[in-house]
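Engineer: Starting off with a structure, shown below.
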Amino acid sequence: MDFSGSQTIAVPIEKAWAYLVDVRKVAQCAPGFQSLEEVGPEHWKAVVAVGIGPLKAKFVMDVTRPEMHEPDRMVIKGRGKAPGSAVELEGEMNLVVAAPTQTRMDWHAHVVVSGTLASVGARLMNSTAERLTEQFFSCLKAHLQVPEASH
Numbered sequence: 089m090d091f092s093g094s095q096t097i098a099v100p101i102e103k104a105w106a107y108l109v110d111v112r113k114v115a116q117c118a119p120g121f122q123s124l125e126e127v128g129p130e131h132w133k134a135v136v137a138v139g140i141g142p143l144k145a146k147f148v149m150d151v152t153r154p155e156m157h158e159p160d161r162m163v164i165k166g167r168g169k170a171p172g173s174a175v176e177l178e179g180e181m182n183l184v185v186a187a188p189t190q191t192r193m194d195w196h197a198h199v200v201v202s203g204t205l206a207s208v209g210a211r212l213m214n215s216t217a218e219r220l221t222e223q224f225f226s227c228l229k230a231h232l233q234v235p236e237a238s239h
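Quick note: the sequence shown uses our numbering, first residue 89, plus one each step.
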């Protein structure tokens, strides 16, 4: 499955990049996120719980960030297993200055789900992915677009 989209975030590109490069901050916005452990440079183990319709699965993910080009491009790869299911994903993000205080994020993700989750939840996969993506970006914007404290 391929997903892509574009989001405008009301912060300068440097602020968006500084937030997005912090894996712990971004992970907190991932729906179903449970834990994150650093394994090495640009390499993490994450536990994410996902529900598709009546099915629930807890994936142990091996996540890497093989490509980073400050301040505008990042690639993330992940591979994970849950009992009876597996997932592979690759995500790419490009940031563009939309205005001095606005950043546009163009993103693309390729996700392959196999096993029980894929066979039973196939028809719900797209709507679930859209809902989770919406939750992720709402959270990201809520954290990033906080007004600076006035002195």
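Backbone N, C-alpha and C fix where the C-beta goes; we use that ideal spot for every residue, glycine too.
Quick one: what does DSSP say residue 139 is sitting in, helix, strand or coil?
Structural biologist: Here residue 139 corresponds to residue number 51 of the sequence shown, with the count starting at 1. Strand at residue 139.
Engineer: How about residue 177 and residue 198: are their beta carbons less than 8 Å apart?
Structural biologist: Sequence index remark: in the sequence shown, residue 177 carries index 89 (1-based). Sequence index remark: in the sequence shown, residue 198 carries index 110 (1-based). It is a contact, given that the beta carbons lie within the stated cut-off.
Engineer: Helix, strand or coil: how does DSSP classify residue 29 here?
Structural biologist: Outside the shown range of the chain, which is 89 to 239, sits residue 29, and nothing can be said about it.
Engineer: Going by C-alpha distance, which of 210, 135 and 233 is nearest residue 189?
Structural biologist: Working through the sequence shown from its first residue, we reach residue 189 at position 101. Residue 233 is the option with its Cα nearest to residue 189.
Engineer: So, for residue 208: in the same chain, excluding its five sequence neighbours on each side, which residues have a beta-carbon less than 7 Å away from its beta-carbon?
Structural biologist: Within the sequence shown, numbered from 1, the residue matching residue 208 stands at position 120. Counting only Cβ-Cβ distances below 7 Å, and skipping sequence neighbours, we find 143.
Engineer: So the candidates are 170, 119, 204 and 173; which of them puts its Cα closest to the Cα of residue 226?
Structural biologist: Within the sequence shown, residue 226 is the residue found at index 138, counting from 1. Of the listed residues, the one whose Cα sits closest to residue 226 is 119.
Engineer: Should residue 129 and residue 191 be called a contact, given that it needs their Cβ atoms to be closer than 8 Å?
Structural biologist: As a first step, residue 129 must be located in the sequence shown, where it is residue number 41. As a first step, residue 191 must be located in the sequence shown, where it is residue number 103. The criterion of a C-beta distance shorter than 8 Å is not satisfied by residue 129 and residue 191.
Engineer: Start and end of the alpha helix (DSSP H) containing residue 246?
Structural biologist: Since the first and last residues shown for the chain are 89 and 239, residue 246 lies out of range.
Engineer: For the candidate residues 153, 166, 97 and 159, whose alpha-carbon lies nearest to that of residue 228?
Structural biologist: In the sequence shown, the residue the question calls residue 228 occupies position 140. Here the closest residue by C-alpha is 97.
Engineer: Roughly how many angstroms lie between the CA atoms of residue 217 and residue 154, to the nearest whole one?
Structural biologist: For the purposes of this step, residue 217 is identified with residue 129 of the sequence shown, where counting begins at 1. For the purposes of this step, residue 154 is identified with residue 66 of the sequence shown, where counting begins at 1. So the alpha carbons of these two residues sit roughly 23 Å apart.
Engineer: Suppose contacts are defined by Cβ-Cβ distances below 8 Å. Is residue 175 in contact with residue 151 by that definition?
Structural biologist: Within the sequence shown, the letter at position 87 stands for residue 175. Within the sequence shown, the letter at position 63 stands for residue 151. No, Cβ-Cβ distance for residue 175 and residue 151 is not below 8 Å.
Engineer: Take the Cβ of residue 168 as the centre, count every other Cβ of all protein chains shown within 10 Å, and call the residue buried at 16 or more, exposed below.
Structural biologist: For the purposes of this step, residue 168 is taken as residue 80 along the sequence shown, with counting starting at 1. Looking at its Cβ environment, which holds 16 or more other Cβ atoms inside 10 Å, residue 168 is buried.
Engineer: Looking at residue 146: is its Cβ nearer than 8 Å to the Cβ of residue 135?
Structural biologist: Here residue 146 refers to the residue found at position 58 of the sequence shown. Here residue 135 refers to the residue found at position 47 of the sequence shown. In this structure, residue 135 lies closer than 8 Å to residue 146 by Cβ.
Engineer: On the criterion of 16 or more Cβ atoms from any shown chain inside 10 Å, does residue 230 qualify as buried, or is it exposed?
Structural biologist: On the sequence shown, position 142 is the one that residue 230 refers to. The residue is exposed, with fewer than 16 neighbouring Cβ atoms inside 10 Å.
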